[in-house]
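Keeping their order, the protein sequence lines are chains A and B. Under our numbering, think of the first position of the first sequence as 1, with each following residue one higher. Under our numbering, think of the first position of the second sequence as 401, with each following residue one higher. Even glycine gets a Cβ: it sits at the ideal position worked out from N, Cα and C. All remarks here apply to the structure that follows.
There are 2 protein chains.
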Amino acid sequence: MSTATWVEGAAGSLFDVDNLPWGVFSRPGEDPRVGVRIGDRVLDLAPVAAAEMLDVHHVFQESSLNALMAEGRAVRTSVRRWLTGLLTDETERDLVEPHLVPLADVTMHLAIEVADYVDFYASLDHASNVGRIFRPDQEPLLPNWRHLPVGYHGRSGTVVASGTPVVRPCGQRKAPTEDTPTYGPSRRLDIEAELGFVVGTPTAMGDRVEVDAFADHVFGVVGLNDWSARDIQAWEYVPLGPFLGKSFATSISQWVTPVEALDAAWVDLPGQDPRPLDYLSPDTARGLDIDVEIELNGEVVSRPPYRSMYWSPAQMLAHITVNGASLRTGDLYGSGTISGPDRDQRGSFLELSWGGTEPFAGGHTFLEDGDEVVLRYTAPGTSGGRIALGEVTGRIEPAR
Amino acid sequence: MSTATWVEGAAGSLFDVDNLPWGVFSRPGEDPRVGVRIGDRVLDLAPVAAAEMLDVHHVFQESSLNALMAEGRAVRTSVRRWLTGLLTDETERDLVEPHLVPLADVTMHLAIEVADYVDFYASLDHASNVGRIFRPDQEPLLPNWRHLPVGYHGRSGTVVASGTPVVRPCGQRKAPTEDTPTYGPSRRLDIEAELGFVVGTPTAMGDRVEVDAFADHVFGVVGLNDWSARDIQAWEYVPLGPFLGKSFATSISQWVTPVEALDAAWVDLPGQDPRPLDYLSPDTARGLDIDVEIELNGEVVSRPPYRSMYWSPAQMLAHITVNGASLRTGDLYGSGTISGPDRDQRGSFLELSWGGTEPFAGGHTFLEDGDEVVLRYTAPGTSGGRIALGEVTGRIEPAR
Chain A
1 MSTATWVEGA
11 AGSLFDVDNL
21 PWGVFSRPGE
31 DPRVGVRIGD
41 RVLDLAPVAA
51 AEMLDVHHVF
61 QESSLNALMA
71 EGRAVRTSVR
81 RWLTGLLTDE
91 TERDLVEPHL
101 VPLADVTMHL
111 AIEVADYVDF
121 YASLDHASNV
131 GRIFRPDQEP
141 LLPNWRHLPV
151 GYHGRSGTVV
161 ASGTPVVRPC
171 GQRKAPTEDT
181 PTYGPSRRLD
191 IEAELGFVVG
201 TPTAMGDRVE
211 VDAFADHVFG
221 VVGLNDWSAR
231 DIQAWEYVPL
241 GPFLGKSFAT
251 SISQWVTPVE
261 ALDAAWVDLP
271 GQDPRPLDYL
281 SPDTARGLDI
291 DVEIELNGEV
301 VSRPPYRSMY
311 WSPAQMLAHI
321 TVNGASLRTG
331 DLYGSGTISG
341 PDRDQRGSFL
351 ELSWGGTEPF
361 AGGHTFLEDG
371 DEVVLRYTAP
381 GTSGGRIALG
391 EVTGRIEPAR
Chain B
401 MSTATWVEGA
411 AGSLFDVDNL
421 PWGVFSRPGE
431 DPRVGVRIGD
441 RVLDLAPVAA
451 AEMLDVHHVF
461 QESSLNALMA
471 EGRAVRTSVR
481 RWLTGLLTDE
491 TERDLVEPHL
501 VPLADVTMHL
511 AIEVADYVDF
521 YASLDHASNV
531 GRIFRPDQEP
541 LLPNWRHLPV
551 GYHGRSGTVV
561 ASGTPVVRPC
571 GQRKAPTEDT
581 PTYGPSRRLD
591 IEAELGFVVG
601 TPTAMGDRVE
611 VDAFADHVFG
621 VVGLNDWSAR
631 DIQAWEYVPL
641 GPFLGKSFAT
651 SISQWVTPVE
661 ALDAAWVDLP
671 GQDPRPLDYL
681 SPDTARGLDI
691 DVEIELNGEV
701 VSRPPYRSMY
711 WSPAQMLAHI
721 TVNGASLRTG
731 DLYGSGTISG
741 PDRDQRGSFL
751 ELSWGGTEPF
761 AGGHTFLEDG
771 DEVVLRYTAP
781 GTSGGRIALG
791 EVTGRIEPAR
């Protein structure tokens with residue numbers, strides 16, 4: 001239980017002192033550097049840390065969180081304790097307040113240098129829906145799905161910060177009714193509402209990360225929209241998986257929520273049957289109770305519950321490294337689309353419109369030019385209220 | 401036609417002055433920096449470039465080629481002209497010779513910081529063989545294969561330099577005859593003999609690279625071994641493609657051959673039917689006449705011809721970017737396994753042993769602990785002889 005913050009408007013808000021997400025900001029004419037959010041302000045950490053002679057003060061001068069993230073869990077948690085003191089102790093106010101910048105006065109940037117980006121497929125409801133839509137005559141889940149978190153590598157270089165416009169991609173697509181493929185703008189542009197997990201502490205090749213070592217390696221959590229061109233994807237994806245149907249853009253929130261802020265959000269998984277192999281530690285893996293909200297042009301169209309996800313974030317990390325693949329600071333992995341069992345809990349337009357056959361939200365099937373999507377995430381905070389994770393927004397621009 | 405080099409032993413060798421591949425080397429106790437190979441020596445460029453007041457001399461002090469590669473095509477070709485002058489003009493000998501270090505005295509390092517790694521599947525013979533082995537009752541090629549270069553993203557963080565030992569990966573695998581998956585070391589560890597193409601000049605999101613702009617963006621070519629655990633891959637790969645079956649290690653040559661050294665190696669493609677869509681410029685795309693040799697424990701077991709590849713390197717690059725995905729300096733894309741039409745031209749053990757059913761090379765099917773594989777590549781040089789591309793070696797260590 002933390003003491004109340006002295007920062008005006010922050011106490012009781014979704015960005016109270018039990019949240020404190022990290023980001024990279026700049027003021028006009030200045031270089032981007034590291035900040036932390038409290039209420040509607042960003043704390044410019046570099047001068048405060050220098051004045052307080054924090055030994056890691058140099059990491060706050062960087063244009064990404066990677067140097068801070070590479071410091072590891074002990075530094076991350078001790079910096080968090082120090083920040084909590086600064087923001088709750090009235091005697092620190094004179095030092096700190098001059099460095100609290102209104103969010104309206106800053107530009108936010110992509111907070112991390114993404115190393116490898118992996119995307120999973122961890123929602124039972126999403127995988128089942130996709131199976132029913134694409135293979136209506138077959139068992140919706142493929143044989144491997146309940147045995148391992150199915151995943152693949154995506155394109156790191158096109159991970160962008162929330163707010164970046166998304167240009168409708170062009171590419172090759174062939175509808176089942178067409179004889180040959182054609183080239184043109186995607187006609188089935190979609191979202192995937194996901195969470196992303198950002199690795200801070202790296203590993204060497206050959207090392208495996210156990211499920212219970214999740215917080216030793218993962219620095220924080222971002223909102224993530226894995227934009228998807230379903231027509232391009234459907235034509236290209238056999239046998240090597242999604243490629244250009246995904247690689248044009250992946251948006252992540254400007255703010256990275258430290259895993260410590262989610263201490264009150266861990267819940268039991270819904271249940272795994274059959275029991276996964278031991279390296280996936282089925283007895284200790286836990287889920288996250290995070291509420292997601294998908295807004296299309298100002299209207300909430302779905303509320304996927306993250307707590308319904310089948311595979312846990314720690315199991316996904318154990319799986320990534322079970323073959324000895326190393327981790328780097330800045331590695332990012334997505335949960336896959338978050339869909340709950342109910343119709344208004346689906347995390348993609350593919351599912352909300354059931355493959356384009358059931359328009360929703362006033363006639364929508366897939367994304368139209370000019371559409372704006374906002375993903376919002378909240379979770380129980382450690383002080384009894386709720387915290388917000390970083391939101392993810394994007395507007396569709398016409399194909400070029 | 402260049403003048404002969406004064407460097408002893410280099411003229412007429414596979415590393416004559418028409419080759420000049422780039423690498424990153426270090427001498428004992430010194431930091432890695434950029435060098436160029438001539439004969440059996442590496443030219444330590446930083447002091448020579450500084451003495452000659454080359455305006456880009458700083459890029460040779462770096463521990464990767466990325467800064468040099470980012471300078472773009474004009475700088476790359478002008479540096480190559482300058483180097484050719486240094487190494488052929490006897491009057492430069494006194495300046496240059498003290499900085500020629502015998503290869504035996506240096507350690508070579510991973511030459512590039514890999515941004516995104518994409519792997520293609522561009523050999524018709526390889527894709528057909530894999531189809532016949534895995535789906536014997538069906539058409540070997542999937543419907544999309546002749547319409548686009550099928551590819552996917554791999555793991556950048558586990559791209560390693562030739563010579564790095566490869567630890568047999570563990571993971572989850574299930575043979576068709578087994579009821580449930582088990583965990584353990586891969587029993588079907590394989591190679592894939594490929595070429596890799598390294599991007600120097602980046603693009604912005606939204607830009608596309610035309611087929612005829614290949615050399616404006618690609619800096620050079622590496623040998624590449626895409627180590628593959630076939631049993632892990634076979635169980636995991638539906639529907640999102642290869643993941644842990646590939647992500648444990650990908651080896652690339654220590655030397656990066658500049659595209660200019662391959663000017664004499666371009667040949668017509670074997671032919672594309674049906675005609676691909678216009679963005680793949682079927683009339684202008686060309687292949688590369690590069691001979692590949694696969695050596696297993698000292699014995700040559702296959703000689704795949706790169707000239708038999710269906711999709712051209714420039715078409716692959718155009719495909720990567722057709723959806724507006726940006727390129728970064730250090731992006732690497734692999735050709736996919738190079739297999740020719742004949743049995744002794746197959747580029748993987750999967751094909752050489754026909755799915756493990758036809759042992760080759762004295763009883764081999766897949767890789768055994770202690771096996772050493774060397775991939776060698778040669779091409780026509782611009783001076784009438786042949787040049788060698790960087791070789792790729794790796795020895796299998798037991799699972800941990």
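{"Asked": "Chain B within 8 Å of Ser-326 (chain A), Cβ atoms only", "Found": "yes"}
{"Asked": "Contact list for the region 520-533 of chain B against chain A, Cβ threshold 7 Å", "Found": "Tyr-521"}
{"Asked": "Interface partners of Thr-684 (chain B) on chain A, CB under 7 Å", "Found": "Near Thr-684 (chain B) there are no residues of chain A at all, since even the closest Cβ is about 17 Å away, more than 7 Å."}
{"Asked": "is_contact[Leu-414 (chain B), chain A] using C-beta, thresh 8 Å", "Found": "no"}
{"Asked": "Minimum C-alpha distance to Arg-27 (chain A) - residue among A:Tyr-152, A:Ala-204, A:Thr-107 and A:Asp-116", "Found": "A:Thr-107"}
{"Asked": "Cβ of Pro-642 (chain B) within 8 Å of any chain A Cβ", "Found": "yes"}
{"Asked": "Pair within 8 Å by beta-carbon distance, Val-434 (chain B) and Thr-484 (chain B)", "Found": "no"}
{"Asked": "Val-701 (chain B), DSSP secondary structure in three states", "Found": "strand"}
{"Asked": "Where the beta strand (DSSP E) through Gly-131 (chain A) begins and ends", "Found": "Here Gly-131 (chain A) belongs to no beta strand (DSSP E); instead the alpha helix (DSSP H) covers 124-134."}
{"Asked": "Rounded separation between Leu-86 (chain A) and Arg-37 (chain A) - CA only", "Found": "13 Å"}
{"Asked": "Closest by C-alpha distance to Arg-476 (chain B), when choosing among B:Val-456, B:Thr-491 and B:Trp-635", "Found": "B:Val-456"}
{"Asked": "Range covered by the beta strand (DSSP E) that runs through Thr-357 (chain A)", "Found": "First-last for Thr-357 (chain A): undefined, no H or E at that position."}
{"Asked": "Per-residue burial, Glu-397 (chain A) [other beta carbons within 10 Å of its own, 16 or more giving buried]", "Found": "exposed"}
{"Asked": "Contained beta strand (DSSP E) runs [length at least 3] in the region 730-790 of chain B, N- to C-terminal order", "Found": "732-734, 772-780 and 786-788"}
{"Asked": "Cβ of Val-150 (chain A) within 8 Å of any chain B Cβ", "Found": "yes"}
{"Asked": "Separation of Asn-19 (chain A) from Leu-429 (chain A), as counted between CA atoms", "Found": "Since the first residue shown for chain A is 1 and the last is 400, residue 429 (chain A) is missing from the structure and cannot be characterised."}
{"Asked": "Counted within 10 angstroms of its Cβ, other Cβ atoms place Ser-253 (chain A) as buried (16 or more) or exposed", "Found": "buried"}
{"Asked": "CB contact flag (Leu-717 (chain B), Thr-603 (chain B), <8 Å)", "Found": "no"}
{"Asked": "Where the alpha helix (DSSP H) through Ile-720 (chain B) begins and ends", "Found": "713-721"}
{"Asked": "Nearest candidate by alpha-carbon position, reference Gly-444 (chain A), set B:Ser-712, B:Phe-648, B:His-526 and B:Pro-581", "Found": "Outside the shown range of chain A, which is 1 to 400, sits residue 444 (chain A), and nothing can be said about it."}
{"Asked": "Chain A residues whose Cβ lies nearer than 7 Å to that of Pro-759 (chain B)", "Found": "Residues of chain A passing the Cβ test: none, with the nearest at roughly 26 Å."}
{"Asked": "Every unbroken alpha helix (DSSP H) inside the region 465-517 of chain B [4 residues or more]", "Found": "466-470, 473-488 and 493-496"}
{"Asked": "Inter-stretch contact at 8 Å, needing at least 3 Cβ pairs: the region 541-554 of chain B / the region 514-529 of chain B", "Found": "yes"}
{"Asked": "Residues that Tyr-152 (chain A) bridges to, as DSSP identifies them", "Found": "A:Asp-119"}
{"Asked": "Option nearest Val-692 (chain B) by Cα separation, candidates B:Gly-641, B:Val-701 and B:Met-453", "Found": "B:Val-701"}
{"Asked": "Chain B contacts made by the region 145-178 of chain A, where a contact means CB separation under 7 Å", "Found": "His-147, Leu-148, Val-150, Gly-151, Tyr-152, His-153, Gly-154, Arg-155, Ser-156, Gly-157, Thr-158, Val-167, Pro-169, Cys-170, Gly-171 and Gln-172"}
{"Asked": "Neighbour list for Glu-452 (chain B) in chain A, Cβ cutoff strictly below 7 Å", "Found": "Those do not exist, as Glu-452 (chain B) stays about 34 Å from chain A at its closest Cβ, beyond 7 Å."}
{"Asked": "The beta strand (DSSP E) enclosing Trp-235 (chain A), as first and last residue numbers", "Found": "Segment 230-236 is the alpha helix (DSSP H) holding Trp-235 (chain A); no beta strand (DSSP E) there."}
{"Asked": "Any C-beta of chain B under 8 Å from that of Trp-354 (chain A)", "Found": "no"}
{"Asked": "Leu-262 (chain A) to Gly-385 (chain A) span [Cα, whole Å]", "Found": "12 Å"}
{"Asked": "Buried or exposed (CB count within 10 angstroms, at least 16 for buried), Pro-136 (chain A)", "Found": "exposed"}
{"Asked": "Short CB-CB distance (under 8 Å) between Met-1 (chain A) and chain B", "Found": "Residue confidence is low: Met-1 (chain A) scores 41 on pLDDT, short of 50, so the model does not pin down where it sits. Its coordinate-derived value is still stated next. Closer than 8 Å: no."}
{"Asked": "Cβ-heavy atom distance, Glu-192 (chain A) to the ligand COA, below 7 Å", "Found": "Absent from the structure shown: the ligand COA. Ligands present: none."}
{"Asked": "For Leu-189 (chain A), three-class secondary structure by DSSP", "Found": "strand"}
{"Asked": "For Val-36 (chain A), the three-state DSSP class (helix, strand or coil)", "Found": "strand"}
{"Asked": "Distance between Gly-736 (chain B) and Val-774 (chain B) (C-alpha atoms, nearest Å)", "Found": "17 Å"}
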